[in-house]
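Numbering of the sequence shown is given in UniProt numbering, commencing with residue 1 and proceeding in unit increments.
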Amino acid sequence: MLSSKPLSVAVDINPQLPRVEPLLYHGILLSDTVTAVQGFPKLDLDIVLRAIDEKPPEFLKYAVKHLLLDSHQQYYPLQRTALYFDTILKACTGITGLVAWTGVNDNLSTLASSESLRRLTIDIPEVFGPDPQNCFAHSLFRHITHLEIGDFLPSEFTGIALIPHLAHFAFNAVGRCDVLRPAFHSCARLTCIVFLCAVVVAETKIFMNFVQPLLEDERFVMIISHRDF
1 MLSSKPLSVA
11 VDINPQLPRV
21 EPLLYHGILL
31 SDTVTAVQGF
41 PKLDLDIVLR
51 AIDEKPPEFL
61 KYAVKHLLLD
71 SHQQYYPLQR
81 TALYFDTILK
91 ACTGITGLVA
101 WTGVNDNLST
111 LASSESLRRL
121 TIDIPEVFGP
131 DPQNCFAHSL
141 FRHITHLEIG
151 DFLPSEFTGI
161 ALIPHLAHFA
171 FNAVGRCDVL
181 RPAFHSCARL
191 TCIVFLCAVV
201 VAETKIFMNF
211 VQPLLEDERF
221 VMIISHRDF
């Protein structure tokens, strides 16, 4: 029969040893439409809010590393979504990765003050408006190493060189790559440029003409987003 003494000794020596519970909050998925993403279970919003109320501040600060917010006004009015997002962000101050398609604009100052955020997926027009000028110079991007943006016109990519630590960049908007190439060329620190495309788009001649200017860049990778990503 195995003795429980080694375990009890370890607990006695360091009562702050990590338990299983923090692992349950390592990646939080809050979504109205998605049930789970690559093994991350979806947490009910009430569960997260209860943890914020009942757990010590250090718990979520150190436990939560990745946050995916995919909420729609159909289910949560915009005001409520923004309120909850703000509450969650202020509790999860140690996140390193954030995917958020809504609510970022109302919480921009909170996100911009983060010292830990490194990976970011957002909708640029939703955050900075339909005509964002020099948006990549914003302090939101000061520590970002991995950036993915959706449905953003390539002609507005020219400012990515302003992001000081950007190493990985992903996008899915189809446009003029002759505009993109100089922007990527000016960003020497980039090690990977990913184009996420649908299968239907990838099979068209027009699309191949679009990506042709980027094929010479050894950093360029094309991923069929609904199959390989």
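Backbone N, C-alpha and C define an ideal beta-carbon position, used for all residues, glycine too.
If you're wondering where the values come from, they're calculated on a predicted model, not measured in any experiment.
Check	Outcome
Nearest to E218 by CA position, among F210, V194 and P56, is which residue?	V194
On the CB-based measure, 16 or more other CB atoms within 10 Å of its CB, does A100 come out buried or exposed?	buried
Would you tell me roughly how many angstroms separate the C-alpha atoms of E148 and L120, rounded to the nearest one?	6 Å
May I have the straight-line CA-CA distance separating R19 from L89, to the nearest angstrom?	23 Å
Check whether the Cβ atoms of S31 and D70 lie closer than 8 Å to each other.	yes
Measuring CB to CB, does F171 end up less than 8 Å from F152?	yes
Taking the C-alpha atoms as reference points, what is the distance between F157 and L98?	20 Å
Could you check what DSSP says for S116 in three-state terms: helix, strand or coil?	coil
For F210 and K61, what's the separation of their Cα atoms in angstroms?	43 Å
Does DSSP put T158 in a helix, a strand or coil?	helix
Which value, in whole angstroms, describes the spacing of the CA atoms of L117 and H168?	14 Å
List the DSSP bridge partners of H66.	G27 and G97
Go to L45, then tell me how far its alpha helix (DSSP H) extends in each direction, as first and last residue.	L45 to E54
Who does H168 pair with in a DSSP beta bridge?	H146 and C192
Mind reading off the beta-carbon distance from F136 to L162? Whole number of angstroms is fine, and I expect it under 8 Å.	5 Å
Does DSSP classify C197 as helix, strand or coil?	strand
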